[in-house]
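Just so you know, the sequences run in chain order A, B, C and D.
Per the numbering used here, residue 2 is the first one in the first sequence, and the count goes up by one each step.
Per the numbering used here, residue 2 is the first one in the second sequence, and the count goes up by one each step.
Per the numbering used here, residue 2 is the first one in the third sequence, and the count goes up by one each step.
Per the numbering used here, residue 2 is the first one in the fourth sequence, and the count goes up by one each step.
Every residue, glycine too, gets a C-beta built ideally from N, C-alpha and C.
Just so you know, these numbers come straight off a predicted model, no measurement behind them.
Comments concern the structure below.
There are 4 protein chains.
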Amino acid sequence: MLDSFRELADNYQVIFFDAYGVLKNFEGVMDGVLDVLADLKREGKELYVVTNDASRSPKKMSLTYVHPEHGEIFAEDRIISSGMLARDFLRAKVRAKKVGYLGKPDSAYYIQTAGLTAIPINECDYDTDIGAIALLDDEGFNWESDINRAINILRRKTIPVVVANADTVYPVHQNDVAIAVGGIADLMESALSRRFVRFGKPDAYMFSYSFSRASAITPGVRRKDILMVGDTLETDIRGGNKFGIDTVLVLTGNTALASYPFQIDVSGVIPDYVCESITT
Amino acid sequence: MLDSFRELADNYQVIFFDAYGVLKNFEGVMDGVLDVLADLKREGKELYVVTNDASRSPKKMSLTYVHPEHGEIFAEDRIISSGMLARDFLRAKVRAKKVGYLGKPDSAYYIQTAGLTAIPINECDYDTDIGAIALLDDEGFNWESDINRAINILRRKTIPVVVANADTVYPVHQNDVAIAVGGIADLMESALSRRFVRFGKPDAYMFSYSFSRASAITPGVRRKDILMVGDTLETDIRGGNKFGIDTVLVLTGNTALASYPFQIDVSGVIPDYVCESITT
Amino acid sequence: MLDSFRELADNYQVIFFDAYGVLKNFEGVMDGVLDVLADLKREGKELYVVTNDASRSPKKMSLTYVHPEHGEIFAEDRIISSGMLARDFLRAKVRAKKVGYLGKPDSAYYIQTAGLTAIPINECDYDTDIGAIALLDDEGFNWESDINRAINILRRKTIPVVVANADTVYPVHQNDVAIAVGGIADLMESALSRRFVRFGKPDAYMFSYSFSRASAITPGVRRKDILMVGDTLETDIRGGNKFGIDTVLVLTGNTALASYPFQIDVSGVIPDYVCESITT
Amino acid sequence: MLDSFRELADNYQVIFFDAYGVLKNFEGVMDGVLDVLADLKREGKELYVVTNDASRSPKKMSLTYVHPEHGEIFAEDRIISSGMLARDFLRAKVRAKKVGYLGKPDSAYYIQTAGLTAIPINECDYDTDIGAIALLDDEGFNWESDINRAINILRRKTIPVVVANADTVYPVHQNDVAIAVGGIADLMESALSRRFVRFGKPDAYMFSYSFSRASAITPGVRRKDILMVGDTLETDIRGGNKFGIDTVLVLTGNTALASYPFQIDVSGVIPDYVCESITT
């Protein structure tokens with residue numbers, strides 16, 4: 002009754018994979034995934050990761066997916082993070098050279114590669130000449146003091162705030178979740194009564210950005226040549242549908258076998274296909 | 002053009018004061034306030050504090066307002082905190098004897114006086130037999146670890162969550178604010194997709210509770226004998242209006258002289274009177 | 002496993018009933034209900050209807066519940082509608098004598114009995130000296146022209162808006178719903194970027210108002226003597242719990258036998274009891 | 002202090018204009034606008050309309066801007082409506098051939114040109130085999146009966162809903178506004194507890210779609226060659242900024258000369274330039 006991912010993949014030239022819940026989980030890359038990816042590459046498929054994770058550079062993410070025999074699965078330019086859209090925004094729109102940020106030092110990559118200087122928010126004060134604040138990751142800072150500090154800086158300065166990951170929670174263990182940086186953004190927006198600039202799925206712009214990348218690498222590729230693979234109806238599937246590419250829901254992450262028909266009904270977000278996993 | 006608070010007060014038997022922005026600010030009790038309150042008491046007015054502050058017991062709050070000559074202004078039973086409504090809820094509705102909480106140890110007063118055992122959330126695990134979680138204060142815990150811990154406990158247990166203070170931000174200095182426990186509640190509700198039980202202004206129930214207290218102390222008091230004094234349109238004035246008592250906006254806190262007509266227009270929350278301060 | 006309503010009722014002196022989904026449905030009063038109510042009255046129970054319906058006067062609602070032998074079940078003063086709270090607000094806070102309204106002519110009862118003149122919004126223009134707008138019912142006016150008219154009046158006048166029924170949808174047939182006046186209020190609030198004054202369950206003030214009525218009729222009644230009976234977790238049970246009275250969920254309306262444990266889990270709103278119906 | 006639009010325009014090869022509040026108002030095309038547009042065209046600028054109006058076809062919109070001497074300003078392919086993105090979605094994702102819609106018959110253009118059959122919602126019943134519902138325009142249907150009908154159809158069918166215009170209100174006269182179809186979408190989403198698929202500014206996807214069109218007509222065009230001209234911070238400027246093109250706010254529509262610095266401060270949405278109008 003469920004579709005076979007391997008048969009489905011035959012019909013597409015380009016495949017976009019969400020990372021968490023599709024390729025890996027809290028224990029690391031899931032069993033069999035690297036073999037499937039290596040096979041697909043050998044068959045000539047163009048594979049991409051399309052992720053809302055802005056906590057590290059694409060280079061570092063790439064190192065997660067190395068096949069013991071066949072080596073690196075995703076070259077750096079095949080990993081598309083919402084952090085890159087945030088970086089483009091900072092590059093185009095920030096007037097001062099410094100950007101304050103919330104996140105681990107690794108996540109500052111997306112500020113630095115825009116040619117800007119990244120300053121942890123706890124090193125900013127009201128006189129620091131920052132041109133924007135970037136919310137990059139939920140870890141690496143003191144929530145109480147740094148969220149309050151960021152709010153008070155924003156009450157004094159008219160500067161943009163970018164959120165490099167639109168998710169509000171993410172899984173951290175079998176049954177546990179943690180507040181993601183999108184949730185922290187909600188809290189700050191509510192305290193300030195203003196809206197920030199968010200990047201990431203389900204925003205269709207994340208998909209048009211990925212499509213541009215794929216078009217640059219594979220000239221002439223059409224939307225109907227692309228399949229989006231995701232475990233979350235509200236981000237992966239909603240966004241892929243909105244952008245007009247085919248979508249497949251896999252049941253290895255946020256959406257369970259027992260409840261997926263109910264969740265589709267309730268949300269009205271309808272994937273073109275449903276597969277148990279990418280290894281089936 | 003503004004009303005005189007002293008003349009206004011003549012028309013009421015009972016006066017409800019918001020605390021922060023009306024009687025005190027970040028530096029302590031405002032100049033002249035204790036004298037005005039002592040005068041009003043001598044004239045026979047019944048004075049109450051009606052506050053969303055659930056960080057300390059009414060007894061401790063009472064100690065804030067001691068006139069150097071005339072002594073205590075507000076006896077303990079004249080201080081009405083949203084924490085008391087939360088306490089009544091816990092007393093009536095909690096089945097297990099233990100309640101997990103977020104807040105400083107002082108705020109646990111509202112759990113303990115309900116006859117329950119208060120346990121800081123960082124001492125709770127998934128097996129702790131707690132009957133509710135109470136959000137009492139924004140300080141006294143590690144935001145990152147304890148908010149995430151509370152969320153994961155609530156994903157496993159069907160227990161009520163009470164929020165003893167509905168405010169999302171509060172002033173901490175001349176120009177600075179901090180996220181209040183109501184903001185933390187918003188963040189947790191969003192992560193869990195459920196709504197908690199909130200107490201405090203502008204909820205009219207906070208005013209009906211205060212009215213019951215005033216009726217017990219002064220039998221026969223009518224709503225039209227009561228004046229609510231507040232600095233915040235969205236809580237003090239909105240709630241007082243909804244409960245049907247007269248309201249006066251003072252300009253010593255959240256609402257400034259320059260912008261109050263604009264803020265009234267925009268909000269549609271219309272105080273019966275506007276005074277510069279309670280000392281004018 | 003479910004509780005017996007008849008046995009449960011023995012423990013309470015006063016019973017608050019929600020109307021729709023508890024006593025009646027789209028076909029009228031449910032089978033057996035009038036007999037149960039008549040029995041309870043004969044046993045000396047004090048029975049009240051506590052409803053968010055502000056479309057007609059308590060007198061008219063009273064006529065819905067007439068036992069063929071024992072006559073009227075609920076005297077007019079035993080029917081408590083959120084419209085009455087809206088009326089009290091209008092009486093206390095409206096400065097001009099005229100009030101514009103959205104709703105059927107019957108619903109204007111709640112304006113007229115406040116001593117004010119009710120004017121359908123389509124007879125108001127920008128010069129009409131109205132002191133408030135009341136949203137009373139979802140029927141009786143042209144949605145497109147009258148909602149837009151009300152919004153434009155409110156862009157010009159700083160007057161309060163009261164919503165006499167906080168519900169956003171209500172059932173109209175076995176499987177059909179309709180947008181209620183609370184939903185229309187949401188739409189208008191969003192267009193105007195301001196919040197109106199809403200009355201009705203789950204607001205605990207609706208329960209404190211009902212408790213005052215019960216105390217006036219039965220002096221000395223305590224909260225623990227009262228049982229709230231409702232079919233909706235988010236209004237009847239949430240509000241009754243917040244006010245601190247015992248609550249029983251019945252499965253004859255919005256909440257179904259198959260899904261109630263799931264809905265309690267998801268909402269965190271926990272009734273003290275669950276009964277199949279009031280006739281069991 | 003304000004920038005001159007004519008001088009500014011010199012720096013860009015491609016100009017995207019919002020329509021309402023920039024080129025026209027409730028009285029029609031604003032004085033001097035057609036002359037400015039004709040001049041810009043003669044100078045070789047590529048001009049586009051980028052609008053959230055999905056009430057009529059681009060061809061019909063094109064007829065609004067005809068210079069008495071120089072003829073048509075915007076060829077049909079220079080008019081980009083959010084309705085086109087909705088059309089692409091319908092074409093890619095709708096499985097049945099029929100689509101129910103809310104809007105005037107003219108707006109059905111966006112369904113018909115997707116190769117689908119458009120059926121007014123009042124001609125749909127629960128058995129009609131529609132593959133989606135499209136919200137196209139706020140006029141052309143009975144709000145009360147047709148909104149309720151659409152909601153009840155969606156309670157029975159798992160089909161997508163597209164909203165071809167994300168705006169919640171729009172101006173209809175000097176000082177009057179009307180609820181737009183995005184506001185009706187909010188109301189329906191709230192009643193159904195699900196989210197629809199919305200198209201239009203400030204969604205950056207609307208800008209990437211427009212950029213693709215411009216790239217097809219003018220190969221090699223870069224983002225920095227494009228200027229977005231709009232009167233609304235929250236749609237035109239927010240979206241243009243997010244997509245990374247330069248933005249100019251004009252003061253002929255939603256944003257007034259007296260309040261624009263305040264609105265920029267409050268929103269944190271910062272245009273690259275501010276001009277009084279496109280004729281200055």
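Are there 16 or more other CB atoms within 10 angstroms of the CB of residue i, so buried, or fewer, so exposed?
i, result
"N255(D)", "buried"
"V67(A)", "exposed"
"D89(B)", "buried"
"L258(B)", "exposed"
"M207(D)", "buried"
"F18(A)", "buried"
"P59(B)", "buried"
"P262(A)", "exposed"
"P272(A)", "buried"
"F12(A)", "Correcting the residue type first, residue 12(A) is Asn in the shown sequence and not Phe. Counting Cβ neighbours within 10 Å, N12(A) comes out exposed, since fewer than 16 surround it."
"V251(B)", "buried"
"L64(C)", "exposed"
"M62(A)", "buried"
List, in chain order, every chain D residue whose beta-carbon is nearer than 7 Å to that of residue i.
i, result
"T169(C)", "S191, A192"
"S209(A)", "Y206, S209"
Taking Cβ-Cβ distances shorter than 9 Å, what residues in chain C pair up with residue i?
i, result
"E145(D)", "D139, E140, F142, N143, W144, E145, A179, I180"
"G326(B)", "As displayed, chain B neither begins before 2 nor continues past 281, which places residue 326(B) out of reach and without an answer."
Please tell me whether residue i and residue j are closer than 8 Å, where the distance is taken between their beta carbons.
i, j, result
"A109(C)", "A97(C)", "no"
"V182(C)", "L136(C)", "yes"
"G240(B)", "A186(B)", "no"
"I80(C)", "K42(C)", "no"
"Y111(B)", "A165(B)", "yes"
"Y153(B)", "V178(A)", "The question names Tyr, yet the displayed sequence has Asn at residue 153(B). In contact: N153(B) and V178(A) (Cβ atoms closer than 8 Å)."
"H50(D)", "T219(D)", "The residue asked about is misnamed: residue 50(D) is Val in this sequence, not His. Their beta carbons are not under 8 Å apart, which means V50(D) does not touch T219(D) by this criterion."
"P106(B)", "A133(B)", "no"
"R224(A)", "F212(A)", "yes"
"N143(B)", "N123(B)", "yes"
"V249(A)", "L234(A)", "no"
"I180(A)", "D139(A)", "yes"
"G141(C)", "G184(C)", "no"
So residue i contacts chain B; which residues on that side make the cut at Cβ distance below 7 Å?
i, result
"L188(A)", "I180, G184, D187, L188"
Return the first residue and the last residue of the beta strand (DSSP E) that residue i is part of.
i, result
"I271(B)", "Per DSSP, I271(B) belongs to no beta strand (DSSP E) and is neither H nor E."
"K99(C)", "99 to 103"
"D247(D)", "247 to 251"
"V95(C)", "Element bounds for V95(C): n/a, residue is neither H nor E."
"A135(A)", "131 to 136"
On the DSSP letters alone, give me the boundaries of the alpha helix (DSSP H) that residue i sits inside.
i, result
"M62(A)", "59 to 63"
"D168(A)", "No alpha helix (DSSP H) contains D168(A), which DSSP labels as neither H nor E."
"I112(C)", "110 to 113"
"I311(A)", "It is not possible to answer for residue 311(A), since the shown part of chain A is limited to 2 through 281."
List the residues of chain D whose Cβ lies closer than 8 Å to the Cβ of residue i, in chain order.
i, result
"T159(A)", "I265, D266, G269, I271"
"N153(C)", "N176, D177, V178"
Can you pull the chain C neighbours of residue i, defined as C-beta to C-beta under 7 Å?
i, result
"I148(D)", "I180"
At a CB-CB cut-off below 8 Å, which residues of chain B make contact with residue i?
i, result
"R214(C)", "The premise fails here: R214(C) is roughly 12 Å from chain B at the closest Cβ pair, so nothing lies under 8 Å."
So who's on the other strand from residue i, going by DSSP bridges?
i, result
"Y1(D)", "Chain D is shown only over 2 to 281; residue 1(D) falls outside these bounds and no answer can be derived."
"P26(B)", "It is worth fixing the name first, because residue 26(B) is Asn in this sequence and not Pro. For N26(B), which the question treats as bridged, DSSP gives the partners G29(B)."
"F6(A)", "None, per the DSSP bridge assignment."
"R199(B)", "V164(B)"
Residue i touches chain A at which residues, Cβ-Cβ below 9 Å?
i, result
"N242(D)", "F90, A93, K94, P161, V198"
Listing by chain order, which chain A residues have their CB less than 8 Å from the CB of residue i?
i, result
"L195(D)", "As written in the sequence, residue 195(D) is Arg, which differs from the Leu given in the question. Near R195(D) (Cβ distances below 8 Å), the residues of chain A are V267, S268, G269."
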